[in-house]
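So the mapping is simple: our numbering equals the position in the sequence shown, first residue as 1, plus 930.
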Amino acid sequence: MREITSTILSIAAACFICVVCVSAQDATLAPCTDLTFAQPVYFGGGLGPRGLTTGDLNGDGHTDLVAANETAASVLIRFGDGHGNFPASQLISATAPSGVAVADLNHDGKLDLVISHRSVNLLSVRLGQGGGVFGAPVQTGIGSGPTAVAVADFNHDGHVDLATSNGGTNSISVLLGNGSGAYPVATTVSISSGSGAWGLVAADLNGDGNTDVATANRGSSNISVVFGNGAGGFGAASIYAAGSLATTIAASDFNGDGKLDLAVANEGSNSVTVRFNNGTGGFAAGVTLATGLQPFFVAVGDLDNDGDNDLVATNQGSNTLSVFRGNGLGSFTPRVDYPVKASPRSLIVADLDHDGSLDLASGIGSSFVAVLLNGCEDNTPPTITSGVLTRQQDAGSARSTIANVADAEDHPNQLTVTVDGGGSAARNGVTVSNLSVDTVGNVKADVSASCGASDANFTLAVTDSEGLSATATLSVDVALETTPPVINNGNPLPDITVYLPLDSSDTSVPVMFNLPKVSDNCTASPNVTSDPESGSMFDRGTTVVTVTARDDAGNESLATFHVRVLFNFGGFLQPIDPFPALNGANAGSAVPVKFSLSGDKGLDVLAGGYPASSPIACEQNVPGPVMEPTVSAGEGGLTYDPLSDQYKYVWKTSKDWKRSCRMLVVRLSDGSEYYAKFSFR
């Protein structure tokens, strides 16, 4: 049934051992296939939080919690923030409060408090003054040992009436309201052979338009039902069997026939008894549901948004809440237990975070209220966007933002992001790893490309806390690596010096050399070439050889060395003594300068402007800064005698050089220089 009529729901919210009929929710949310609840969040509830109800007590539009703390002699209000949190609180003194309800008793638009006091047999009313403030208590004497409180309109006058279950006198106290918030008189209603009345529910059980009352009788382990006459009076009670130590009771249409059925928690038999309404207020047939240990409280609500009401029981002995999902035909799925940290007793089913789904709150242990938020809100899938990332081969790993995620229900850093289904992935030599999501939804990862990597696409998936997901494609464009090869470990290449062959007129010679060793970060064997190549003919003089190393990515390195091809200069011949000997000569004389190059190499073996001489100090062994071209004493300058294999140049000295020293410098066309030292008389 989508719609269940209950007078009590139309005007008030009530709780503790009183359990009211909670109607199935409107079909505004998608049904949950997998019903889940978040881990319990605990809020201080005072000692013995046994009575529990909800209402907007400070008028801020958010649901608040009210706990009756029998042990602590107080009623605690925890004000909600609309997100399932209850950070602020207010404590109201009350003697042995056992049950608590909230309703607008005096029609001023503000919720008031109704409290039953078990040990002193009183009911008190505190009128709301707005903003969570309440007036002084106004008390009324009622039956012995009142436990639960219910609010309803029993006499159809439009004012809120009250009822309590009295365990000490096996009765119900009914207090009719006049709209002022005052309840001076209580009427006692017998529950017949029921004893130890504990739980209480007020609803139209026989379909006559009048509100009836049913109690769960802990002392006699049965149910009492009394039908209202619409004028505030009640008839004789009918008795129906329940399990051992029946404690609390709830009403709802569980089998879809439009009639309210009853559910009772049986603390002594670890069960919930469901009795189906026969249409006239009789409850003969039923089913029994096995719960956890010592179920104390049962509540009703459409937890999975499928239009059918479900059952929840608190299990004091096993520290769990048992949820039975109804199918609307009178059957229930096997229970699913949700643990709490101490023995749960009271229970409320309400939307505590304004997401449209019913949540759970339970008074547990000695001083806490546990709140379990329903994961069955109208969840929407998360979103994920990604694009193109560029990586260079073998550039190392870099941390980058690879995507952005968002979700309407979950914080970004509560979302789970995977790449190709896991925490890391590798494709085409590209690796994506170490994913994380920050508080604003940036998805970051370490991304690297190996030497041989090529462009790669990855599937990114984001999953929210309820398993909804979305995907996006991360494209990684791979650029070729740009690190050039290293030639000779980065050291300079050694030069090569060779000599023209002996007894030959050749002025060039083939030169063989080994190419240097080359290493590269990615290419195992880079291509190495030289220009000129090894074995090429090298002319006399100095030739620059360029070595080029190229890797597979096209990166190049260049290095050079020199090949020097020299004449076989045999030294100066007599009459000149070899350097650094000091040769004597007469100033103004002609000095024959003779040498051999081992074969006729032509008459262009001298560099331009040479031989030359440089004035020096007689003890000096290097040419000075002034270099003066020589004057040849013979015709034609340099000559070659093939018979003696000698080159000859006659150096005409100057008379002005008397009593001075000079260095004769012979530079050959291969770039080599040779010296002879002279002292002039």
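For glycine and all other residues, C-beta sits at the position ideal for the given N, C-alpha and C.
Bear in mind the structure is a predicted one, so any value in this text is a computation, not a measurement.
Collapsed DSSP secondary structure at residue i in the structure displayed
{"i": "P1456", "result": "coil"}
{"i": "S1049", "result": "helix"}
{"i": "Q1550", "result": "coil"}
{"i": "P1342", "result": "helix"}
{"i": "G1060", "result": "strand"}
{"i": "G1173", "result": "coil"}
{"i": "A944", "result": "Reliability fails at A944, whose pLDDT of 37 lies under 50, so the model's placement of it is uncertain and no value is given."}
{"i": "Q955", "result": "Caution applies to Q955, whose pLDDT of 41 falls short of 50 and renders its modelled position unreliable; the model cannot decide the point."}
{"i": "N1418", "result": "helix"}
{"i": "R1592", "result": "strand"}
{"i": "G1149", "result": "coil"}
{"i": "P1311", "result": "coil"}
{"i": "V1614", "result": "This structure does not reach residue 1614, given that the chain is present from 931 up to 1611, and the question cannot be answered."}
{"i": "R1597", "result": "strand"}
{"i": "K1374", "result": "strand"}
{"i": "Q1215", "result": "Note on residue identity: the sequence assigns Ala, not Gln, to residue 1215. Three-state result, A1215: coil."}
{"i": "Y1113", "result": "coil"}
{"i": "Q1020", "result": "strand"}
{"i": "F1084", "result": "coil"}
{"i": "A1195", "result": "strand"}
{"i": "A997", "result": "strand"}
{"i": "I1102", "result": "strand"}
{"i": "L1092", "result": "strand"}
{"i": "N1364", "result": "strand"}
{"i": "T963", "result": "coil"}
{"i": "R1265", "result": "coil"}
{"i": "Q1069", "result": "strand"}
{"i": "E1396", "result": "coil"}
{"i": "T1348", "result": "strand"}
Range of the contiguous beta strand (DSSP E) that encloses residue i
{"i": "E1603", "result": "E1603 to F1610"}
{"i": "T1389", "result": "A1386 to T1393"}
{"i": "Q1504", "result": "Segment: none, Q1504 is in no beta strand (DSSP E) and carries neither H nor E."}
{"i": "A1537", "result": "From DSSP, A1537 is part of no beta strand (DSSP E); its letter is neither H nor E."}
{"i": "P1522", "result": "A1520 to F1525"}
{"i": "Y1579", "result": "Q1576 to K1582"}
{"i": "N1036", "result": "That residue, N1036, is in no beta strand (DSSP E); it is neither H nor E in DSSP."}
{"i": "V1279", "result": "P1274 to A1280"}
{"i": "W1587", "result": "Taken as a continuous stretch (DSSP letters only), W1587 belongs to no beta strand (DSSP E), as it is neither H nor E."}
{"i": "R980", "result": "P979 to G985"}
{"i": "G1305", "result": "No beta strand (DSSP E) holds G1305; DSSP gives it neither H nor E."}
{"i": "S1292", "result": "D1289 to I1294"}
{"i": "I1007", "result": "S1004 to F1009"}
{"i": "Q1322", "result": "V1318 to Q1322"}
{"i": "N1334", "result": "A1328 to A1336"}
{"i": "L1404", "result": "S1399 to A1409"}
{"i": "S1434", "result": "Premise fails: S1434 is in no beta strand (DSSP E) and is neither H nor E."}
{"i": "I1426", "result": "I1426 to Y1429"}
Within 7 Å, strictly: CB atoms of residue i and residue j
{"i": "A1537", "j": "S1599", "result": "yes"}
{"i": "S1602", "j": "L1496", "result": "yes"}
{"i": "M1084", "j": "G974", "result": "In the sequence as presented, Met is not what sits at residue 1084; that position holds Phe. Their beta carbons are not under 7 Å apart, which means F1084 does not touch G974 by this criterion."}
{"i": "L1533", "j": "L1568", "result": "yes"}
{"i": "A1606", "j": "F1509", "result": "yes"}
{"i": "A1026", "j": "E1000", "result": "yes"}
{"i": "L1345", "j": "D1394", "result": "yes"}
{"i": "T1117", "j": "G1073", "result": "no"}
{"i": "L1006", "j": "G978", "result": "no"}
{"i": "G1352", "j": "G1382", "result": "no"}
{"i": "D1234", "j": "L1021", "result": "no"}
{"i": "R980", "j": "R1265", "result": "no"}
{"i": "S1675", "j": "G1286", "result": "The chain is shown only over 931 to 1611; residue 1675 falls outside these bounds and no answer can be derived."}
{"i": "Q1323", "j": "E1411", "result": "yes"}
{"i": "N1147", "j": "G1158", "result": "no"}
{"i": "A1520", "j": "W1587", "result": "no"}
{"i": "S1154", "j": "A1167", "result": "yes"}
{"i": "A1260", "j": "F1213", "result": "Here residue 1260 turns out to be Gly, not Ala, going by the sequence shown. Not a contact, by the Cβ cut-off of 7 Å."}
{"i": "S1151", "j": "A1127", "result": "no"}
{"i": "S1460", "j": "V1475", "result": "yes"}
Cβ separation of residue i and residue j, assumed to be a contact under 8 Å, to the nearest whole Å
{"i": "A1479", "j": "V1458", "result": "5 Å"}
{"i": "G1088", "j": "L1041", "result": "The Cβ separation is near 17 Å, so there is no contact."}
{"i": "P1522", "j": "P1505", "result": "7 Å"}
{"i": "N1334", "j": "V1373", "result": "7 Å"}
{"i": "N1387", "j": "S1405", "result": "5 Å"}
{"i": "F967", "j": "L1303", "result": "7 Å"}
Residue ranges of each beta strand (DSSP E) within the region 1465–1517, 3 or longer
1467–1469, 1471–1480, 1486–1496 and 1512–1515
Quick check for students: name the residue ranges of the beta strand (DSSP E) that lie wholly in the region 1234–1258, counting only runs of 3 or more.
1240–1245 and 1250–1254
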